[in-house]
Amino acid sequence: MSVVQQSTPQTIENLDWAKAFVSKLNNAQLDILTKMYHEHQAAKLQAAEKAKQEELAREQLEKAQREKKESEKQQVQQQAAILELLTSQKPITIDVVRSSTSPEALSQASSSCSEEITVKDVLLGKMKTIYKTSSPANSMKPYRPRGPRERVFFDEHLYIFDKFSYDGKKKFYRCERKNSCPARLHTPCDTDRVIHKVQSHNHAVPFPAELLMYDIDFGKIRNGYLLHVSPSSRVPQSFLTPRTSESGEETEIFSRLLGEKKPVCMQLPDNFNKCTEDEIKEIEMAICQFLMRETALRNEFLNDKKKLPTFFPEAEAGELILFASIMGNNEEDVFQMIKVPARNELSIRTAIQEHFKLPPSRSLMMNISAKINVPLNQQMIDQWKTEEFVRIDVSRPNSWKLFLVKEVE
1 MSVVQQSTPQ TIENLDWAKA FVSKLNNAQL DILTKMYHEH QAAKLQAAEK AKQEELAREQ
61 LEKAQREKKE SEKQQVQQQA AILELLTSQK PITIDVVRSS TSPEALSQAS SSCSEEITVK
121 DVLLGKMKTI YKTSSPANSM KPYRPRGPRE RVFFDEHLYI FDKFSYDGKK KFYRCERKNS
181 CPARLHTPCD TDRVIHKVQS HNHAVPFPAE LLMYDIDFGK IRNGYLLHVS PSSRVPQSFL
241 TPRTSESGEE TEIFSRLLGE KKPVCMQLPD NFNKCTEDEI KEIEMAICQF LMRETALRNE
301 FLNDKKKLPT FFPEAEAGEL ILFASIMGNN EEDVFQMIKV PARNELSIRT AIQEHFKLPP
361 SRSLMMNISA KINVPLNQQM IDQWKTEEFV RIDVSRPNSW KLFLVKEVE
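Under full-length UniProt numbering, read the sequence shown as residues 1 to 409, first letter to last.
Below, the structure written as C-alpha coordinates:
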(Lines of atoms letter the chains of each structure in order from A and count residues from 1; the text may use other names and numbers.)
(Lines give C-alpha, C1' and ligand atoms only; values in the text may rest on other atoms or scores of the structure.)
Protein backbone atom coordinates (compact mmCIF):
# COMPACT_ATOMS: atom_id res chain seq x y z
CA MET A 1 0.00 0.00 0.00
CA SER A 2 1.60 3.23 -1.11
CA VAL A 3 0.83 6.69 0.20
CA VAL A 4 0.58 9.43 -2.41
CA GLN A 5 1.34 12.88 -1.12
CA GLN A 6 -1.33 15.34 -2.22
CA SER A 7 -0.07 18.45 -3.95
CA THR A 8 -1.10 21.76 -2.41
CA PRO A 9 -1.16 25.11 -4.20
CA GLN A 10 1.86 26.21 -2.19
CA THR A 11 3.83 23.09 -3.21
CA ILE A 12 2.93 23.57 -6.89
CA GLU A 13 4.00 27.21 -6.72
CA ASN A 14 7.39 26.32 -5.18
CA LEU A 15 7.94 23.59 -7.79
CA ASP A 16 7.20 26.00 -10.64
CA TRP A 17 9.57 28.53 -9.16
CA ALA A 18 12.34 25.89 -8.89
CA LYS A 19 11.84 24.80 -12.51
CA ALA A 20 12.01 28.38 -13.67
CA PHE A 21 15.16 28.98 -11.61
CA VAL A 22 16.91 25.88 -12.95
CA SER A 23 16.02 26.73 -16.55
CA LYS A 24 17.91 30.02 -16.23
CA LEU A 25 21.18 28.34 -15.05
CA ASN A 26 24.08 27.72 -17.40
CA ASN A 27 25.96 24.42 -17.71
CA ALA A 28 28.66 25.26 -15.11
CA GLN A 29 26.04 26.28 -12.56
CA LEU A 30 24.06 23.13 -13.26
CA ASP A 31 27.19 21.00 -12.70
CA ILE A 32 27.85 22.71 -9.36
CA LEU A 33 24.24 22.25 -8.27
CA THR A 34 24.28 18.58 -9.31
CA LYS A 35 27.55 18.00 -7.44
CA MET A 36 26.13 19.61 -4.28
CA TYR A 37 23.01 17.43 -4.54
CA HIS A 38 25.08 14.21 -4.88
CA GLU A 39 27.32 15.19 -1.95
CA HIS A 40 24.25 15.85 0.20
CA GLN A 41 22.78 12.48 -0.71
CA ALA A 42 26.10 10.69 0.00
CA ALA A 43 26.34 12.38 3.41
CA LYS A 44 22.81 11.26 4.26
CA LEU A 45 23.60 7.66 3.25
CA GLN A 46 26.84 7.69 5.26
CA ALA A 47 25.06 9.03 8.35
CA ALA A 48 22.37 6.37 8.03
CA GLU A 49 25.00 3.60 7.66
CA LYS A 50 26.93 4.89 10.70
CA ALA A 51 23.77 4.96 12.81
CA LYS A 52 22.98 1.41 11.71
CA GLN A 53 26.49 0.19 12.68
CA GLU A 54 26.28 1.90 16.07
CA GLU A 55 22.93 0.24 16.73
CA LEU A 56 24.37 -3.16 15.75
CA ALA A 57 27.43 -2.67 18.00
CA ARG A 58 25.19 -1.66 20.91
CA GLU A 59 23.08 -4.78 20.46
CA GLN A 60 26.20 -7.00 20.37
CA LEU A 61 27.56 -5.37 23.55
CA GLU A 62 24.27 -5.89 25.37
CA LYS A 63 24.21 -9.52 24.22
CA ALA A 64 27.79 -10.09 25.46
CA GLN A 65 26.94 -8.54 28.83
CA ARG A 66 23.89 -10.77 29.18
CA GLU A 67 25.97 -13.87 28.33
CA LYS A 68 28.64 -12.86 30.85
CA LYS A 69 26.05 -12.42 33.59
CA GLU A 70 24.53 -15.81 32.78
CA SER A 71 27.99 -17.45 32.87
CA GLU A 72 28.82 -15.85 36.22
CA LYS A 73 25.47 -16.93 37.60
CA GLN A 74 26.03 -20.54 36.48
CA GLN A 75 29.55 -20.54 37.96
CA VAL A 76 28.25 -19.31 41.32
CA GLN A 77 25.58 -22.02 41.28
CA GLN A 78 28.18 -24.72 40.50
CA GLN A 79 30.45 -23.52 43.32
CA ALA A 80 27.54 -23.52 45.74
CA ALA A 81 26.60 -27.07 44.69
CA ILE A 82 30.19 -28.31 45.15
CA LEU A 83 30.44 -26.66 48.57
CA GLU A 84 27.12 -28.18 49.59
CA LEU A 85 28.32 -31.61 48.46
CA LEU A 86 31.58 -31.32 50.39
CA THR A 87 29.97 -30.10 53.59
CA SER A 88 27.11 -32.59 53.57
CA GLN A 89 27.11 -35.01 56.54
CA LYS A 90 27.33 -38.17 54.44
CA PRO A 91 29.29 -40.79 56.43
CA ILE A 92 32.33 -42.50 54.89
CA THR A 93 34.57 -45.26 56.25
CA ILE A 94 38.34 -44.77 56.30
CA ASP A 95 40.82 -47.47 57.30
CA VAL A 96 43.72 -45.77 59.07
CA VAL A 97 45.78 -48.91 59.80
CA ARG A 98 49.35 -48.65 58.47
CA SER A 99 50.40 -51.13 55.83
CA SER A 100 53.42 -52.05 57.96
CA THR A 101 51.26 -53.38 60.83
CA SER A 102 51.82 -57.03 61.67
CA PRO A 103 48.93 -59.54 61.23
CA GLU A 104 48.67 -59.96 65.05
CA ALA A 105 48.33 -56.23 65.61
CA LEU A 106 45.90 -56.00 62.69
CA SER A 107 43.53 -58.56 64.25
CA GLN A 108 43.68 -56.77 67.62
CA ALA A 109 43.10 -53.30 66.17
CA SER A 110 40.44 -54.24 63.60
CA SER A 111 37.62 -53.08 65.89
CA SER A 112 39.16 -49.73 66.81
CA CYS A 113 40.84 -48.61 63.61
CA SER A 114 37.67 -48.12 61.51
CA GLU A 115 35.42 -45.22 62.30
CA GLU A 116 32.78 -43.32 60.43
CA ILE A 117 33.73 -39.70 59.70
CA THR A 118 32.36 -37.25 57.17
CA VAL A 119 33.98 -35.31 54.37
CA LYS A 120 33.49 -32.18 56.43
CA ASP A 121 35.44 -33.74 59.28
CA VAL A 122 38.28 -34.56 56.89
CA LEU A 123 38.32 -30.99 55.62
CA LEU A 124 38.39 -29.64 59.17
CA GLY A 125 41.39 -31.79 60.06
CA LYS A 126 39.65 -34.41 62.17
CA MET A 127 41.24 -37.24 60.21
CA LYS A 128 44.63 -36.58 61.83
CA THR A 129 43.07 -36.88 65.27
CA ILE A 130 41.33 -40.13 64.34
CA TYR A 131 44.60 -41.47 62.90
CA LYS A 132 46.53 -40.66 66.05
CA THR A 133 43.95 -42.14 68.45
CA SER A 134 43.17 -45.29 66.45
CA SER A 135 46.72 -46.39 65.53
CA PRO A 136 48.04 -49.01 67.98
CA ALA A 137 51.29 -48.21 69.75
CA ASN A 138 52.96 -51.51 68.88
CA SER A 139 52.34 -51.06 65.11
CA MET A 140 55.05 -48.39 64.69
CA LYS A 141 58.20 -49.70 63.04
CA PRO A 142 61.58 -48.91 64.56
CA TYR A 143 63.50 -46.23 62.66
CA ARG A 144 66.01 -47.48 60.14
CA PRO A 145 68.11 -45.40 57.76
CA ARG A 146 66.82 -45.34 54.19
CA GLY A 147 70.19 -46.26 52.70
CA PRO A 148 72.58 -44.12 50.68
CA ARG A 149 70.87 -41.36 48.75
CA GLU A 150 71.62 -40.33 45.20
CA ARG A 151 74.55 -37.91 45.04
CA VAL A 152 75.29 -35.51 42.19
CA PHE A 153 78.02 -33.00 41.39
CA PHE A 154 77.12 -29.55 40.03
CA ASP A 155 79.00 -26.25 39.93
CA GLU A 156 81.90 -27.55 42.09
CA HIS A 157 79.53 -28.65 44.89
CA LEU A 158 77.95 -31.94 45.96
CA TYR A 159 74.18 -32.36 46.28
CA ILE A 160 71.99 -35.20 47.53
CA PHE A 161 68.52 -36.18 46.36
CA ASP A 162 65.74 -34.73 48.54
CA LYS A 163 62.33 -35.60 47.06
CA PHE A 164 60.04 -35.51 44.03
CA SER A 165 57.60 -32.71 43.30
CA TYR A 166 53.92 -33.19 44.09
CA ASP A 167 53.14 -33.98 40.43
CA GLY A 168 56.13 -36.32 40.05
CA LYS A 169 57.66 -34.33 37.18
CA LYS A 170 60.62 -32.74 39.00
CA LYS A 171 63.44 -33.81 41.28
CA PHE A 172 64.63 -31.70 44.19
CA TYR A 173 68.25 -31.83 45.36
CA ARG A 174 69.78 -30.10 48.38
CA CYS A 175 73.33 -29.31 49.34
CA GLU A 176 75.30 -32.05 51.05
CA ARG A 177 75.49 -29.78 54.10
CA LYS A 178 71.71 -29.71 54.29
CA ASN A 179 71.52 -28.72 57.95
CA SER A 180 73.46 -25.49 57.45
CA CYS A 181 73.40 -24.64 53.71
CA PRO A 182 70.17 -23.44 51.98
CA ALA A 183 71.28 -24.21 48.38
CA ARG A 184 68.79 -26.28 46.34
CA LEU A 185 68.48 -27.56 42.74
CA HIS A 186 65.44 -28.47 40.60
CA THR A 187 65.67 -30.82 37.59
CA PRO A 188 63.12 -32.64 35.38
CA CYS A 189 62.68 -36.35 36.04
CA ASP A 190 63.59 -37.33 32.48
CA THR A 191 66.86 -35.36 32.21
CA ASP A 192 69.74 -34.10 34.34
CA ARG A 193 69.46 -30.51 33.13
CA VAL A 194 69.20 -27.97 35.97
CA ILE A 195 66.17 -25.73 35.42
CA HIS A 196 66.19 -23.80 38.69
CA LYS A 197 68.76 -22.99 41.36
CA VAL A 198 67.44 -21.83 44.74
CA GLN A 199 69.73 -19.59 46.83
CA SER A 200 73.50 -19.93 46.99
CA HIS A 201 75.99 -21.79 49.15
CA ASN A 202 77.12 -20.24 52.41
CA HIS A 203 80.39 -22.17 52.50
CA ALA A 204 83.49 -22.58 50.40
CA VAL A 205 83.99 -25.06 47.57
CA PRO A 206 84.99 -28.55 48.81
CA PHE A 207 88.71 -29.30 48.77
CA PRO A 208 90.03 -31.79 46.19
CA ALA A 209 90.82 -34.19 49.04
CA GLU A 210 87.11 -34.23 49.99
CA LEU A 211 86.13 -35.17 46.43
CA LEU A 212 88.84 -37.80 46.10
CA MET A 213 86.64 -40.65 47.32
CA TYR A 214 84.10 -40.09 44.50
CA ASP A 215 86.54 -40.48 41.55
CA ILE A 216 84.81 -37.67 39.62
CA ASP A 217 85.47 -37.74 35.88
CA PHE A 218 85.72 -34.03 35.11
CA GLY A 219 85.74 -34.75 31.38
CA LYS A 220 82.06 -35.75 31.54
CA ILE A 221 80.94 -32.49 33.14
CA ARG A 222 78.57 -30.47 30.95
CA ASN A 223 77.59 -26.90 31.65
CA GLY A 224 74.11 -26.74 33.22
CA TYR A 225 73.83 -30.52 33.81
CA LEU A 226 74.25 -32.77 36.84
CA LEU A 227 76.95 -35.42 37.12
CA HIS A 228 75.96 -38.51 39.09
CA VAL A 229 78.71 -39.68 41.44
CA SER A 230 79.11 -42.62 43.79
CA PRO A 231 81.67 -43.40 46.50
CA SER A 232 84.81 -45.10 45.26
CA SER A 233 85.19 -48.83 45.79
CA ARG A 234 88.56 -48.15 47.42
CA VAL A 235 86.86 -46.59 50.43
CA PRO A 236 85.96 -49.21 53.08
CA GLN A 237 82.31 -49.71 53.89
CA SER A 238 83.03 -48.90 57.55
CA PHE A 239 83.68 -45.28 56.52
CA LEU A 240 80.22 -45.01 54.96
CA THR A 241 78.24 -46.60 57.84
CA PRO A 242 78.10 -45.93 61.60
CA ARG A 243 81.25 -46.90 63.47
CA THR A 244 81.49 -50.28 65.23
CA SER A 245 83.70 -51.65 67.93
CA GLU A 246 86.25 -52.96 65.41
CA SER A 247 88.41 -49.83 65.64
CA GLY A 248 91.65 -51.74 65.06
CA GLU A 249 90.62 -52.89 61.59
CA GLU A 250 89.44 -49.38 60.67
CA THR A 251 92.73 -47.86 61.80
CA GLU A 252 94.67 -50.29 59.65
CA ILE A 253 92.52 -49.62 56.57
CA PHE A 254 92.73 -45.86 57.12
CA SER A 255 96.53 -46.03 57.32
CA ARG A 256 96.64 -47.99 54.08
CA LEU A 257 94.44 -45.41 52.35
CA LEU A 258 96.69 -42.58 53.47
CA GLY A 259 99.62 -44.38 51.87
CA GLU A 260 97.72 -44.67 48.56
CA LYS A 261 96.47 -41.07 48.43
CA LYS A 262 96.69 -39.23 45.13
CA PRO A 263 98.91 -36.15 44.84
CA VAL A 264 96.88 -32.97 44.42
CA CYS A 265 98.02 -30.58 41.69
CA MET A 266 96.57 -27.43 40.14
CA GLN A 267 96.82 -28.70 36.55
CA LEU A 268 93.77 -29.77 34.59
CA PRO A 269 93.27 -33.56 34.55
CA ASP A 270 94.14 -35.52 31.44
CA ASN A 271 90.63 -36.89 31.03
CA PHE A 272 89.24 -33.58 29.75
CA ASN A 273 87.85 -34.01 26.25
CA LYS A 274 90.02 -32.36 23.59
CA CYS A 275 88.45 -30.67 20.58
CA THR A 276 89.34 -32.01 17.15
CA GLU A 277 90.34 -29.78 14.24
CA ASP A 278 86.87 -30.07 12.68
CA GLU A 279 85.23 -29.00 15.95
CA ILE A 280 87.63 -26.04 16.24
CA LYS A 281 86.76 -24.97 12.68
CA GLU A 282 83.03 -25.22 13.45
CA ILE A 283 83.50 -23.08 16.57
CA GLU A 284 85.48 -20.46 14.63
CA MET A 285 82.84 -20.42 11.88
CA ALA A 286 80.06 -19.98 14.46
CA ILE A 287 81.96 -17.07 16.05
CA CYS A 288 82.46 -15.44 12.64
CA GLN A 289 78.76 -15.80 11.79
CA PHE A 290 77.82 -14.32 15.15
CA LEU A 291 80.12 -11.31 14.63
CA MET A 292 78.71 -10.81 11.14
CA ARG A 293 75.20 -10.57 12.60
CA GLU A 294 76.14 -8.38 15.58
CA THR A 295 77.43 -5.24 13.84
CA ALA A 296 77.88 -3.17 16.99
CA LEU A 297 79.85 -5.89 18.75
CA ARG A 298 82.03 -6.45 15.68
CA ASN A 299 82.82 -2.72 15.41
CA GLU A 300 83.67 -2.55 19.10
CA PHE A 301 85.94 -5.58 18.76
CA LEU A 302 87.72 -4.06 15.74
CA ASN A 303 88.10 -0.72 17.52
CA ASP A 304 89.74 -2.44 20.49
CA LYS A 305 92.26 -4.05 18.16
CA LYS A 306 93.15 -0.62 16.72
CA LYS A 307 93.76 1.04 20.09
CA LEU A 308 97.28 2.24 20.76
CA PRO A 309 99.19 0.48 23.55
CA THR A 310 99.85 2.11 26.91
CA PHE A 311 103.39 1.54 28.18
CA PHE A 312 103.23 3.54 31.42
CA PRO A 313 99.74 3.10 32.93
CA GLU A 314 100.91 4.26 36.38
CA ALA A 315 102.41 7.54 35.17
CA GLU A 316 101.19 10.73 36.81
CA ALA A 317 98.57 12.84 35.08
CA GLY A 318 100.88 15.85 34.66
CA GLU A 319 103.63 13.95 32.84
CA LEU A 320 104.01 13.95 29.06
CA ILE A 321 105.79 11.21 27.10
CA LEU A 322 106.01 11.47 23.31
CA PHE A 323 106.72 8.61 20.94
CA ALA A 324 107.96 10.57 17.93
CA SER A 325 109.02 9.61 14.42
CA ILE A 326 110.55 11.82 11.71
CA MET A 327 108.59 11.55 8.46
CA GLY A 328 110.84 10.46 5.59
CA ASN A 329 111.21 7.91 2.86
CA ASN A 330 111.57 4.94 5.21
CA GLU A 331 108.92 2.30 4.72
CA GLU A 332 108.83 1.47 8.42
CA ASP A 333 108.59 4.31 10.94
CA VAL A 334 110.51 3.98 14.19
CA PHE A 335 108.95 5.85 17.11
CA GLN A 336 111.44 7.00 19.74
CA MET A 337 110.44 7.86 23.29
CA ILE A 338 110.94 11.48 24.37
CA LYS A 339 110.14 12.56 27.93
CA VAL A 340 109.02 16.20 27.95
CA PRO A 341 109.90 18.07 31.18
CA ALA A 342 106.85 20.37 31.08
CA ARG A 343 103.51 20.57 29.29
CA ASN A 344 104.05 23.61 27.05
CA GLU A 345 104.98 24.36 23.45
CA LEU A 346 108.55 25.50 24.21
CA SER A 347 109.42 22.37 26.21
CA ILE A 348 108.01 20.09 23.47
CA ARG A 349 109.94 21.91 20.71
CA THR A 350 113.19 21.89 22.73
CA ALA A 351 112.88 18.18 23.60
CA ILE A 352 112.30 17.22 19.94
CA GLN A 353 115.20 19.40 18.76
CA GLU A 354 117.66 17.96 21.31
CA HIS A 355 116.61 14.34 20.80
CA PHE A 356 116.78 14.32 16.98
CA LYS A 357 119.65 16.89 16.73
CA LEU A 358 117.57 19.17 14.49
CA PRO A 359 118.19 22.85 13.70
CA PRO A 360 116.03 25.24 15.72
CA SER A 361 112.56 26.01 14.42
CA ARG A 362 110.31 28.95 15.05
CA SER A 363 107.02 27.15 15.88
CA LEU A 364 105.10 23.86 15.96
CA MET A 365 102.05 23.40 13.74
CA MET A 366 99.26 20.84 14.26
CA ASN A 367 98.11 19.20 11.05
CA ILE A 368 94.30 19.09 10.90
CA SER A 369 93.85 18.15 7.24
CA ALA A 370 95.73 18.31 3.95
CA LYS A 371 95.23 22.08 3.71
CA ILE A 372 94.65 23.10 7.35
CA ASN A 373 97.49 23.64 9.85
CA VAL A 374 96.95 25.27 13.25
CA PRO A 375 99.68 26.60 15.58
CA LEU A 376 100.08 24.37 18.63
CA ASN A 377 98.68 26.14 21.71
CA GLN A 378 98.41 25.38 25.40
CA GLN A 379 94.75 24.34 25.22
CA MET A 380 95.60 21.58 22.73
CA ILE A 381 98.49 20.37 24.88
CA ASP A 382 96.24 20.17 27.96
CA GLN A 383 93.94 17.80 26.05
CA TRP A 384 96.75 15.34 25.30
CA LYS A 385 97.04 12.09 27.19
CA THR A 386 100.12 11.07 29.16
CA GLU A 387 101.43 9.13 26.15
CA GLU A 388 101.05 10.39 22.58
CA PHE A 389 102.31 9.01 19.25
CA VAL A 390 103.31 11.75 16.75
CA ARG A 391 104.89 11.98 13.33
CA ILE A 392 106.99 15.11 12.65
CA ASP A 393 107.40 16.75 9.25
CA VAL A 394 110.63 18.85 9.28
CA SER A 395 110.70 19.62 5.57
CA ARG A 396 109.87 23.30 6.18
CA PRO A 397 112.56 25.37 7.92
CA ASN A 398 110.20 27.87 9.54
CA SER A 399 107.94 25.35 11.31
CA TRP A 400 107.50 21.69 12.12
CA LYS A 401 104.18 19.96 11.46
CA LEU A 402 102.92 17.39 14.01
CA PHE A 403 100.66 14.51 12.93
CA LEU A 404 98.96 12.76 15.88
CA VAL A 405 98.58 8.99 15.47
CA LYS A 406 95.11 7.98 16.74
CA GLU A 407 95.03 4.24 16.06
CA VAL A 408 97.16 1.32 14.95
CA GLU A 409 97.39 1.17 11.17
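Where is the CB? At the ideal position from N, CA and C, for every residue including glycine.
Sheet register partners of residue i (DSSP bridge)
i           : result
residue 387 : 321
residue 187 : 171
residue 367 : 373
residue 40  : In DSSP, residue 40 forms no bridge with anything.
residue 193 : 225
residue 392 : 326 and 402
Where residue i falls: helix, strand or coil (DSSP)
i           : result
residue 382 : helix
residue 155 : coil
residue 339 : strand
residue 83  : helix
residue 228 : strand
residue 201 : coil
residue 362 : coil
residue 71  : helix
residue 399 : strand
residue 16  : helix
residue 161 : strand
residue 278 : helix
residue 63  : helix
residue 310 : coil
residue 21  : helix
residue 345 : helix
residue 76  : helix
residue 208 : helix
residue 52  : helix
residue 216 : coil
residue 357 : coil
residue 252 : helix
residue 299 : helix
residue 35  : helix
residue 177 : coil
residue 150 : coil
residue 351 : helix
residue 26  : coil
residue 286 : helix
residue 47  : helix
residue 315 : coil
Residues of its chain near residue i, where Cβ-Cβ distance is below 7 Å and the 5 sequence neighbours each way are ignored
i           : result
residue 193 : 187, 224 and 225
residue 363 : 375 and 399
residue 380 : 366
residue 220 : 227
residue 110 : Because residue 110 carries a pLDDT of 47, less than 50, the predicted location of this residue cannot be relied on, and no value is offered for it.
residue 65  : none
residue 199 : 182, 183 and 184
residue 203 : 177 and 181
residue 32  : none
Residues near residue i in its chain [Cβ-Cβ closer than 8 Å; skip 5 each side]
i           : result
residue 355 : 324, 336 and 338
residue 385 : none
residue 34  : none
residue 292 : 298
Candidates the options: closest to residue i by CA position
i           : options               : result
residue 311 : 387, 276 and 54       : 387
residue 309 : 406, 48 and 35        : 406
residue 151 : 176, 36 and 166       : 176
residue 211 : 158, 55 and 71        : 158
residue 334 : 191, 390 and 198      : 390
residue 328 : 296, 58, 393 and 217  : 393
residue 421 : 156, 66, 83 and 218   : This structure leaves residue 421 out entirely; the chain is present only between 1 and 409.
residue 370 : 377, 403, 313 and 299 : 403
residue 169 : 40, 215, 14 and 195   : 195
residue 378 : 368, 360 and 346      : 346
residue 149 : 319, 280, 229 and 20  : 229
residue 318 : 31, 200, 277 and 342  : 342
residue 160 : 166, 167 and 172      : 172
residue 401 : 41, 373, 382 and 279  : 373
residue 397 : 408, 383 and 353      : 353
residue 320 : 59, 167, 351 and 79   : 351
residue 382 : 47, 344, 55 and 71    : 344
Residue i CB to nearest heavy atom of the ligand NAP below 8 Å
i           : result
residue 203 : With respect to small molecules bound, the structure shown includes none, and the ligand NAP cannot be examined in it.
Nonlocal neighbours in the same chain, by C-beta distance under 6 Å from residue i, ignoring five residues either side
i           : result
residue 348 : 340
residue 174 : 162 and 184
residue 154 : 226
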